[in-house]
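S.K.: Quick one: the structure is below, questions incoming.
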Amino acid sequence: GAGVSQSPRYKVAKRGQDVALRCDPISGHVSLFWYQQALGQGPEFLTYFQNEAQLDKSGLPSDRFFAERPEGSVSTLKIQRTQQEDSAVYLCASSFPGSEQYFGPGTRLTVT
Amino acid sequence: AQSVTQLDSHVSVSEGTPVLLRCNYSSSYSPSLFWYVQHPNKGLQLLLKYTSAATLVKGINGFEAEFKKSETSFHLTKPSAHMSDAAEYFCVVTGGQAGTALIFGKGTTLSVSS
Numbered sequence: 009g010a011g012v013s014q015s016p017r018y019k020v021a022k023r024g025q026d027v028a029l030r031c032d033p034i035s036g037h038v039s040l041f042w043y044q045q046a047l048g049q050g051p052e053f054l055t056y057f058q059n060e061a062q063l064d065k066s067g068l069p070s071d072r073f074f075a076e077r078p079e080g081s082v083s084t085l086k087i088q089r090t091q092q093e094d095s096a097v098y099l100c101a102s103s104f105p106g107s108e109q110y111f112g113p114g115t116r117l118t119v120t
Numbered sequence: 002a003q004s005v006t007q008l009d010s011h012v013s014v015s016e017g018t019p020v021l022l023r024c025n026y027s028s029s030y031s032p033s034l035f036w037y038v039q040h041p042n043k044g045l046q047l048l049l050k051y052t053s054a055a056t057l058v059k060g061i062n063g064f065e066a067e068f069k070k071s072e073t074s075f076h077l078t079k080p081s082a083h084m085s086d087a088a089e090y091f092c093v094v095t096g097g098q099a100g101t102a103l104i105f106g107k108g109t110t111l112s113v114s115s
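Protein chains in written order, with the working numbering: chain A, 9 to 120; chain B, 2 to 115.
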């Protein structure tokens, strides 16, 4: 079956631009997670949704980062006024509650 | 707070020799622990998980890991390396119940030479 998909796979943004990254979870998965993976590092948690409710956003690094999942399925991670330190791979994962998280291929964001 | 420390940033082995990737964890309660693998330009894949059942956990592709509470370790092993095992490996602990946020180590790059 279809796994987690993310788009775009690659994004280049000029510093100061806004970007939107999309995640399509596995159908029926109520839990959705966003992680940020800097070059040479392990992924770091950003935020967590259960259905449309954002239950944990403690990992969002600044108020420039915003995530939503309005209908409890597709999620969008938005970064406003991008900075060079935002360059990273952004990973989305989905799961049933209490079960294994399945990861998408990620979106590689490069801010120039 | 939960955390994991991967003791080696890079491990090199020859094909057919054993693999050992080391991980220590810190947790204020009984943790759930995982190993994930990341091949270049591919998504993270779960190798195996420990959730307080058997302390020796078997995973995919011949990998296994042993949970040792006294040593706070969860090392990943494989008896015989294949070229296809070359990848980045992450030791992971949950921040709470299984299914909540994962806390990743910094990763170990495994190189396999012929």
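All C-beta atoms in this analysis are idealised placements derived from N, C-alpha and C, irrespective of residue type, glycine included. If you're wondering where the values come from, they're calculated on a predicted model, not measured in any experiment.
Please check if any C-beta of chain B sits within less than 9 Å of the C-beta of A/Y98.
M.R.: no
S.K.: Sorted by chain position, which residues of the same chain lie with C-beta nearer than 8 Å to A/Q45's C-beta, five sequence neighbours on each side aside?
M.R.: P51, E52, A96, V97, Y98, L99 and G114
S.K.: Do B/G63 and B/K50 have their beta-carbon atoms positioned less than 9 Å apart in this structure?
M.R.: no
S.K.: Have a look at the DSSP bridge pairing and note the partners of A/T55.
M.R.: A/W42
S.K.: Give a yes or no on whether the minimum CB-CB distance between A/G11 and chain B is below 9 Å.
M.R.: yes
S.K.: Given that A/G112 touches chain B, what residues does it touch there, using C-beta distances under 8 Å?
M.R.: G44
S.K.: Would A/L68 pass as a contact of A/A75 if the rule is Cβ separation under 9 Å?
M.R.: yes
S.K.: With B/N25 as the anchor, note down where its beta strand (DSSP E) starts and where it stops.
M.R.: C24 to S27
S.K.: Compare the C-beta of B/L47 with all C-beta atoms of chain A and state if any pair is closer than 9 Å.
M.R.: yes
S.K.: Could you list the residues in the stretch 51 to 70 of chain A with a C-beta less than 8 Å from some C-beta on chain B, going in chain order?
M.R.: P51, E52, F53, Y56, D64 and G67
S.K.: Pull the bridge partners of B/E67 from the DSSP assignment, please.
M.R.: Within the DSSP secondary-structure output, B/E67 pairs in a beta bridge with B/L57 and B/H76.
S.K.: Can you tell me which of B/Y90, B/A82, B/I104 and B/S114 puts its alpha carbon nearest to the alpha carbon of B/A2?
M.R.: B/I104
S.K.: What residues from chain B crowd round A/Q109, counting only those whose CB sits closer than 7 Å?
M.R.: L103
S.K.: Under the DSSP definition of a beta bridge, which residues are partnered with A/L29?
M.R.: A/L85
S.K.: My output table needs one value for B/A2: the three-state DSSP class, helix, strand or coil.
M.R.: coil
S.K.: By the criterion of Cβ-Cβ separation under 9 Å, what are the contact partners of B/G60 in chain A?
M.R.: Ordered by position in chain A, no residue passes the 9 Å Cβ test against B/G60, which lies about 12 Å from the chain.
S.K.: Kindly indicate if chain B contains any beta-carbon less than 9 Å away from that of A/Q49.
M.R.: It does; some Cβ of chain B falls within 9 Å.
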